[in-house]
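In our numbering, the protein residues as written are 23 to 274.
No residue lacks a Cβ here, since even glycine has one placed at the ideal position from N, Cα and C.
It should be emphasised that the depicted structure is a prediction, and the values quoted were computed from it without experimental measurement.
To keep things clear, I will list the structure first and then write my remarks on it.
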Amino acid sequence: MAHDFSGKVAFVTGAAQGIGKEIAITLAKGGAAVAAVDLKEDSLAGTVEAINLAGGKAIAIGCDVSKMDQVEAAVQKTVDELGGIHILVNNAGIIRDNLLFKMTEEDWDMVMAVHLRGAFNTCKVATKYMTEQKYGKIVNLSSRSALGNRGQANYSAAKAGIIGFTSTLALELGKFNINVNAVAPGYIETPMTDSTAARVGVDKEDFKKAAASATPLGRVGQPIDIANVVAFFASDESGFVTGQTLHVNGGR
Ligand code: NAP
């Protein structure tokens with residue numbers, strides 16, 4: 023059964039490509055009006071076009087989620103142009119991988135700023151509206167790397183932080199009828215995993231094959247595999263689920 027998001031407004035960060043783009047399209051197909059948010063407004067043209075072609079409604083907003091003033095402006099624009107904010111998906115992300123001894127302070131700070139401060143910023147602003155309307159669905163993107171991944175001390179710490187952040191917000195916001203959950207993807211084929219292959223000097227098809235063969239379900243994930251789970255958490259069908267992190271990784 024497809025989830026029904028009609029009458030709802032969704033704010034999806036990192037929506038220009040990869041997983042975020044697919045989430046934006048999936049929520050829009052379910053009837054949500056979508057604020058597609060990414061660093062550069064121009065980069066969102068493909069997402070908005072795909073949504074329009076599917077008969078949905080979307081606006082593009084350029085915003086660096088690590089900057090509170092930009093998040094405030096983006097949420098304000100969403101409310102002004104789409105009439106509210108009911109679903110928030112914290113998907114924007116970056117990697118700055120390196121072994122600890124080579125990792126710079128800038129690489130550490132930047133990863134923390136986008137993943138953790140970014141989610142803090144959007145949640146703080148969006149929940150002003152959600153608490154008032156006594157309705158909200160927040161879905162945060164964690165990662166299998168939260169369990170540890172060589173070369174990703176910054177990223178795995180941030181993604182583990184997202185799990186604690188998610189369960190804490192669930193405790194604080196439950197009384198306002200706001201559900202807060204996280205999805206922890208395994209290997210999903212996107213520009214992010216392509217850049218990881220390039221960094222370790224492996225052909226991207228070989229990199230993908232190796233990941234698939236280490237996965238019980240025998241394949242790597244696609245953005246739609248994550249978008250479907252995000253849609254479940256964003257829907258009223260998961261109304262009694264909060265504070266959870268669901269690993270979506272083919273059983274790896
Ligand atoms: P992606 O293809 O790199 O897309 C991420 C998007 O976020 C990009 O459009 C990027 O813009 C944008 N972004 C980066 N910094 C931002 C900022 N400060 N403000 C707003 N937008 C920003 O990544 P993906 O693979 O789809 O990953 C999406 C999410 O899933 C991330 O949180 C990632 O950590 C998580 N995840 C991915 C995988 C995977 O295997 N792909 C696995 C586990 C978790 P630019 O391109 O301009 O930087």
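Nearest-angstrom Cα separation, counted from residue j out to residue i
i, j, result
"N22", "L75", "The structure shown does not extend to residue 22, since the chain is modelled only from 23 to 274, so the question has no answer here."
"S167", "K51", "30 Å"
"K30", "I83", "18 Å"
"T215", "Y209", "7 Å"
"H233", "R241", "Here residue 233 is Ala; the residue named in the question, His, does not match the sequence. Approximately 8 Å between the Cα atoms of the pair."
"L12", "L193", "Nothing in the structure corresponds to residue 12, since the chain is present only between 23 and 274."
"A141", "V87", "8 Å"
"E154", "I248", "29 Å"
"K197", "P207", "28 Å"
Spatial neighbours of residue i in its chain, beta-carbon cut-off 7 Å, leaving aside the 5 residues before and after
i, result
"W130", "N176"
"Y151", "V101, G106 and I107"
"L191", "C145, I160 and V202"
"A180", "V133, M134, H137 and L138"
"S189", "G265"
beta-carbon residue i near ligand 1 non-hydrogen atom, thresh 7 Å
i, result
"N171", "no"
"M214", "yes"
"A114", "yes"
"K226", "no"
"V59", "yes"
"R166", "yes"
"I210", "yes"
"K62", "yes"
"C145", "no"
"I6", "Nothing about residue 6 can be reported from this structure: the residues present for the chain run from 23 to 274 only."
"T35", "yes"
"V56", "no"
"D129", "no"
"A82", "no"
"L49", "no"
6 Å Cβ shell around residue i - same chain, five flanking residues per side excluded
i, result
"L239", "G272 and G273"
"V147", "V93, E94 and V97"
"S276", "Outside the displayed span of the chain (23 to 274) sits residue 276, for which this structure offers no information."
"A219", "K226 and F229"
"A46", "V34, A37, V56, A58 and T69"
"K16", "Any property of residue 16 remains undetermined from this structure, which presents the chain solely from 23 to 274."
"S65", "A38"
Spatial neighbours of residue i in its chain, beta-carbon cut-off 8 Å, leaving aside the 5 residues before and after
i, result
"T212", "Q39, G40, I41 and P245"
"M125", "R118, A175 and N176"
"A204", "V161, N162, L163, S164, I184, I185, T188, Q266, T267 and L268"
"S178", "S165, S167, A168, L169, G170 and N171"
In the stretch 81–155, which residue ranges form an unbroken alpha helix (DSSP H) of at least 4 residues, counting only runs that do not cross its ends? Runs found: 90–104, 127–134 and 140–155.
Kindly provide the ranges of any beta strand (DSSP E) runs that are 3 or more residues long and lie completely inside the stretch 211–237, ordered along the chain. Entirely contained in the stretch 211–237, not one beta strand (DSSP E) run reaches 3 residues.
Could you pull out every unbroken beta strand (DSSP E) segment of at least 3 residues lying fully inside the stretch 26–72, listed in chain order? Listed in chain order, they are 31–35 and 55–60.
Where are the alpha helix (DSSP H) runs, 4 residues long or more, that stay fully inside the stretch 153–210, in chain order? The DSSP assignment places complete alpha helix (DSSP H) segments of no fewer than 4 residues inside the stretch 153–210 at 175–195, in order along the chain.
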